[in-house]
Amino acid sequence: MSELILKSLPAIEALPAAGWNALVGDDHPFLRHEFLHALEASGVVGPSTGWIPNHLTLWRDDVLVGGMPHYRKLHSYGEYVFDWAWADAWERAGGRYYPKGLTAIPFSPVPGPRLLLAQDIDPRQARERLAEGWQQPGLSSWHLLYAEDEEIDAWLEARPDLLVRHGVQFQWQDAGYGDFEGFLASLNAKRRKTIRRERRR
């Protein structure tokens with residue numbers, strides 16, 4: 309079996325949509341080629357916005373077999389992670405925090421996989437190759453946002469030098485309300501009135 313070839317690509321359109329989507333599957337719409345392409349094609353993501361696409365991909369015999377949505381970030385906007393204090397401390401210590409490498413979905417704090425692999429690819433070997441991609445010259449560090457716990461654990465096993473920053477994410481689950489009015493109906497009158505007043509402002 310031939311080796312995995314790492315390629316860093318400057319735009320999602322450089323990837324075959326069907327090949328990328330086959331790695332994503334059907335359960336993660338924000339990882340799909342169409343979504344990432346829409347962000348890039350509209351200019352929401354690109355050099356002028358500080359989200360420079362730098363997608364890390366793995367190829368075997370010219371077939372896409374793995375990848376990660378990856379960006380060179382010039383700031384921390386749109387990540388839903390507040391690392392401004394880290395950036396400030398880094399700069400005060402004489403370093404440059406930006407640009408940093410970021411594996412994430414732009415503007416979407418949605419948990420899910422970030423390492424996308426064909427089923428016959430060894431995840432350990434893939435992580436080794438992909439780590440070469442995020443250790444590019446000029447990047448201060450690599451950040452992996454909203455990955456699944458199993459994926460984080462696997463990265464830590466492969467790279468014990470990585471640090472984990474724990475955060476809290478609050479998620480609202482619809483308990484059968486149907487719509488916002490259904491939710492309000494479950495509250496007492498005083499709480500309903502307060503919420504309606506807040507929403508009018």
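So that you can map any letter, position 106 of the sequence shown is 414 in the numbering used here, and since no number is skipped, the others follow by simple counting.
We treat Cβ as the ideally placed atom computed from N, Cα and C, and that holds for glycine.
Terminal residues of the alpha helix (DSSP H) in which residue i lies
i, result
"W290", "The question about residue 290 has no answer here: the residues shown for the chain are numbered 309 through 509."
"E399", "392 to 400"
"V352", "First-last for V352: undefined, no H or E at that position."
"L438", "431 to 442"
"T357", "It is not in any alpha helix (DSSP H) - T357 carries neither H nor E in the DSSP assignment."
"A497", "497 to 508"
Continuous beta strand (DSSP E) stretch holding residue i: start and end
i, result
"T365", "363 to 368"
Proximity below 8 Å, CB of residue i to CB of residue j
i, j, result
"Y454", "P417", "yes"
"A466", "E489", "no"
"W442", "L364", "yes"
"P421", "E399", "no"
"I320", "L344", "yes"
"G409", "S384", "no"
"L382", "G358", "yes"
"A434", "G374", "yes"
"R368", "L447", "no"
"V389", "G486", "no"
"L366", "L438", "yes"
Bridge partner(s) assigned by DSSP for residue i
i, result
"S316", "L364"
"H451", "L410"
"V476", "DSSP lists no partner for V476."
"G490", "None, per the DSSP bridge assignment."
"L425", "G374"
"G386", "Answer by DSSP bridge pairing: none, since G386 is not bridged."
"G420", "A455"
DSSP state of residue i mapped onto helix, strand, coil
i, result
"R380", "strand"
"G484", "coil"
"G470", "Looking at the sequence itself, residue 470 is Leu, so the reference to Gly does not match. Correct three-state label for L470: coil."
"G327", "helix"
"F415", "coil"
Euclidean distance between Cα positions of residue i and residue j
i, j, result
"D335", "L323", "20 Å"
"R473", "A330", "31 Å"
"R509", "I503", "10 Å"
"V371", "L424", "14 Å"
"T411", "N496", "43 Å"
"F478", "K498", "24 Å"
"A349", "P419", "24 Å"
"D391", "R404", "14 Å"
"P468", "V353", "31 Å"
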